[in-house]
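Asker: The sequence shown runs -19 to -1, 1 to 329 under mature numbering (1 follows the signal peptide of the UniProt record, and there is no 0).
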Amino acid sequence: MGKWWKWGVLAALPLAAQAQGNLSGLDHGMTGPRAQVLVLGTVHLRGMSKDFNPASLNGVLDRLAAFKPDIITIEDLPGDECDLASRQPAKYGNDYCPSTDAARAATGLAAPAAITEADKTLAAWPAQPTPPQRRHLAALFLAANNRASAYVQWLQLPEAERRAGDSLDATLVDQLNKISTVNDESYQLAARLAARLGRQRVYPVDNHTGDYLDLPDIKAFVRAIEGAWAAGGAVLGEQERRLDALGKADDLLPLYRQLNDAAALKIRADGNVGAAMRATSPEGYPQMWVAGWEIRNMRMVANIRETFRERPGARVLSIVGATHKPWFDAWLGQLQGVDIVDTAAVLK
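1. One question on the structure: do alanine 124 and threonine 162 come within less than 9 Å of each other, judged by their Cβ atoms?
2. Extract the residue ranges of the alpha helix (DSSP H) inside the segment 233 to 279, only unbroken runs of 4 or more that lie entirely within it.
3. Have a look at alanine 84 and tryptophan 312 and give me their C-alpha separation to the nearest angstrom.
4. Over the uninterrupted beta strand (DSSP E) stretch that includes glutamine 17, give me the two end residues.
5. Pick helix, strand or coil for serine 299, following the three-state DSSP scheme.
6. Applying the 10 Å Cβ sphere with the 16-neighbour rule, what's the burial state of aspartate 187?
7. So what does DSSP say about aspartate 320, is it helix, strand or coil?
8. For the beta strand (DSSP E) that threonine 54 lies in, which residues bound it at each end?
9. Using 9 Å as the threshold, is the C-beta distance between alanine 257 and isoleucine 206 below it?
10. For the 8 Å Cβ check, are there 3 or more pairs between the segment 300 to 320 and the segment 26 to 35?
11. Under three-state DSSP, which class holds aspartate 294?
12. Reducing DSSP to helix, strand and coil, say where glycine 40 ends up.
13. Please list, in chain order, all residues of the same chain as tyrosine 266 whose beta carbon is under 6 Å from its beta carbon, the five residues on each side excluded.
14. Does DSSP put tyrosine 184 in a helix, a strand or coil?
15. Specify the secondary structure class of lysine 146 as computed by DSSP and reduced to three states.
16. Under 6 Å Cβ to Cβ from valine 254, same chain only, skipping five residues before and after it: list those, please.
17. Pick out whichever of Asp232, Leu328, Tyr168, Glu291 has its Cα sitting closest to the Cα of glycine 318.
18. Please classify histidine 25 as buried or exposed, where buried requires at least 16 other C-beta atoms within 10 Å of its C-beta.
19. Once DSSP output is grouped into helix, strand and coil, what is the label at glycine 74?
20. Counting Cβ pairs, one atom from each stretch, are 3 or more of them under 8 Å apart for the segment 166 to 177 and the segment 41 to 58?
21. Would you say aspartate 51 lies against chain B (beta-carbon separation less than 9 Å)?
22. How big is the Cα-Cα spacing for aspartate 232 and tyrosine 77?
23. Which residues in the same chain as valine 216 place their Cβ atom closer than 7 Å to its Cβ, once the five residues preceding and following it in sequence are excluded?
24. I'd like the span of the alpha helix (DSSP H) that includes aspartate 8, first residue to last.
25. Could you give the distance in angstroms between the alpha-carbon of tyrosine 73 and the alpha-carbon of isoleucine 276?
26. Give the secondary structure of histidine 189 by DSSP, where H, G and I count as helix, E and B as strand, and everything else as coil.
27. Quick check on this structure: which residue in Ala87, Met281, Ser299, Leu153 has the alpha carbon closest to the alpha carbon of aspartate 192?
28. Taking all protein chains shown into account, do 16 or more other C-beta atoms lie within 10 angstroms of the C-beta of leucine 149, making it buried, or fewer, making it exposed?
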C-alpha cells in the first residue's frame, strides 16, 4: 500500500492539529466503554516512623475500594525487568532487584519460567480457588519477583491455611510473614486493597532501564542535581514540612488529600523538574536528570497501558509516588479511550 493513505488522514484533520501533532478527538464516538484510570499519589511508606500503624490507611482504602478497580498497578519493578538486569550486571548492578533464589529452590523455576507459569495458572483460575492453589500461586509469584502479588494470595488465605505446602516452603512462609510488617505502599495499600476486592494480583510497572548514565564523574552529577533542588525548591520544602506533620496523624486520609491536591502537585513538579531545568551546569547535568525522569515515566505509563490493553473499559488504579502523578495524569490522559479520574473527588 502506498503512502497516499497517510496524507488522506492528515488532510481530514484541522490544520492546527496537524501542526501540533494533536491526537485529541480521535476517540470521539468510540465503540464500547472507556477505561477509567485513577492515579493515586502516595508517600513512600518505608520512610514513615517506626511506630507507623497500617490502620491509619483505612480511610484511604475505604475510598479506593469504592472506586472498585479491576486492575491495580504499583511502583515496583516487574520480574521480567529484574531478569533483564540480572543478565547485565555490568550495566545495572548486582542489587537491582531482590533475590529469588529461595523461591527458585522451592519451585524449581527461574524468574522467566515462573512468570510464564503464574500467567498460565491465572488464565485457568477458578472462581473459588482452594488454599493449595493459593499457596502454589503465591510461591510462583515469589519466584517471579512479584512479592506484592504473592502477598495478595497470602492475605486471601484463611489464617489456619497460612502455612507451608504446595511449593511454599518454610523459608517462603517466613518471607510472607515479614512482608506483613513492612511499611510499603505496595503491600499496605495495593495488596491489602486487591485482597479486599478479591483481585488475584497487582501489576508492577516501574522502570529503571533508562537510569544508566555513562558519566566520568557521577558524584559531580549528584551534586549538580541536589544543588538545583536546593536553589529552586524552597516552596516545595515548606510543603514537605506540612506533609510531614500530616504523616504523624492516626488517620492518613488528610495527608493523601493534600498529596493529590492539584495546586500541591504543581509545586512538587516545579520544585523537582522545573528547578532542574532552570539550573546552570556546564555539563547540563540537571537537564540530563530530567531526560532520565521523563524516560522512566514514559516507560511506566506504557507498562500501565499494557495492563489493560486487552481490557477496554477497565477501571485502573495506579499507586505511585506523588511526584510522578502529574506526568501520569498528563500522559495517560492522552491515550485513546482513556479517562483520568479526579483523585481529589475519590478521596473526599
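Glycine included, each C-beta is placed from N, C-alpha and C at the ideal position.
Answerer: So, to answer that:
1. Mapped onto the sequence shown, residue 124 falls at position 143. Mapped onto the sequence shown, residue 162 falls at position 181. No, the pair does not count as a contact, with Cβ atoms beyond the cut-off.
2. Correct list: 234 to 240, 243 to 250, 256 to 259.
3. Within the sequence shown, the letter at position 103 stands for residue 84. Within the sequence shown, the letter at position 331 stands for residue 312. Spanning the two alpha carbons is a distance of roughly 36 Å.
4. Counting from one through the sequence shown, the residue named residue 17 turns up at place 36. Start and end: 16 to 23.
5. The residue you call residue 299 lines up with position 318 of the sequence shown. Three-state result, serine 299: strand.
6. The residue given as residue 187 occupies position 206 in the sequence shown. Using a 10 angstroms sphere on the CB of aspartate 187, the tally of other CB atoms reaches 16 or more, which defines it as buried.
7. Working through the sequence shown from its first residue, we reach residue 320 at position 339. Aspartate 320: strand per DSSP, three-state reduction.
8. By 1-based counting over the sequence shown, the position of residue 54 is 73. Unbroken beta strand (DSSP E) run through threonine 54: 52 to 55.
9. As a working note, residue 257 is residue 276 in the sequence shown. As a working note, residue 206 is residue 225 in the sequence shown. Yes. Within cutoff.
10. no
11. Here the question's residue 294 lines up with position 313 in the sequence shown. For clarity, residue 294 is glycine in the given sequence; the question names aspartate instead. Correct three-state label for glycine 294: coil.
12. As a position in the sequence shown, residue 40 is number 59, starting the count at 1. Three-state DSSP puts glycine 40 in a helix.
13. Working through the sequence shown from its first residue, we reach residue 266 at position 285. Answer for tyrosine 266: Phe202, Ala205, listed in chain order.
14. As a working note, residue 184 is residue 203 in the sequence shown. Looking at tyrosine 184 - three-state DSSP - the assignment turns out to be strand.
15. On the sequence shown, residue 146 is found 165 positions in, with the first residue counted as 1. In the sequence on display, residue 146 carries glycine and not lysine. The answer is strand: DSSP assigns glycine 146 an E or B state.
16. Position 273 of the sequence shown, counted from the first residue, corresponds to residue 254. These residues qualify, in order along the chain: Val271.
17. Working through the sequence shown from its first residue, we reach residue 318 at position 337. Residue Glu291 holds the alpha-carbon nearest to the alpha-carbon of glycine 318 among Asp232, Leu328, Tyr168, Glu291.
18. Numbered from its first residue, the sequence shown carries residue 25 at position 44. Exposed: under 16 other Cβ atoms inside 10 Å.
19. Sequence index remark: in the sequence shown, residue 74 carries index 93 (1-based). In the three-state reduction of the DSSP assignment, glycine 74 falls in the coil class, being assigned neither a helical nor a strand state.
20. The answer is yes - the segment 41 to 58 touches the segment 166 to 177, with three or more Cβ pairs under 8 Å.
21. The structure shown has no chain B; it contains just one protein chain.
22. In the sequence shown, residue 232 corresponds to position 251, counting from 1. In the sequence shown, residue 77 corresponds to position 96, counting from 1. In a straight line, the C-alpha of aspartate 232 is about 34 Å away from that of tyrosine 77.
23. Walking along the sequence shown from the start, residue 216 turns up at place 235. Excluding residues up to 5 positions away in sequence, Ile248, Gly252 lie with their Cβ nearer than 7 Å to the Cβ of valine 216 in the same chain.
24. Position 27 of the sequence shown holds residue 8. Looking at the DSSP string, aspartate 8 is not in any alpha helix (DSSP H), and its letter there is neither H nor E.
25. As a working mapping, residue 73 is identified with position 92 in the sequence shown. As a working mapping, residue 276 is identified with position 295 in the sequence shown. Distance between the alpha carbons of tyrosine 73 and isoleucine 276: 16 Å.
26. The count along the sequence shown starts at 1 and reaches residue 189 at position 208. Reduced to three states, the DSSP call for histidine 189 is coil.
27. Here residue 192 refers to the residue found at position 211 of the sequence shown. With distances taken between Cα atoms, aspartate 192 lies closest to Met281.
28. Residue mapping note: residue 149 aligns to position 168 of the sequence shown, counting from 1. Burial call: buried.
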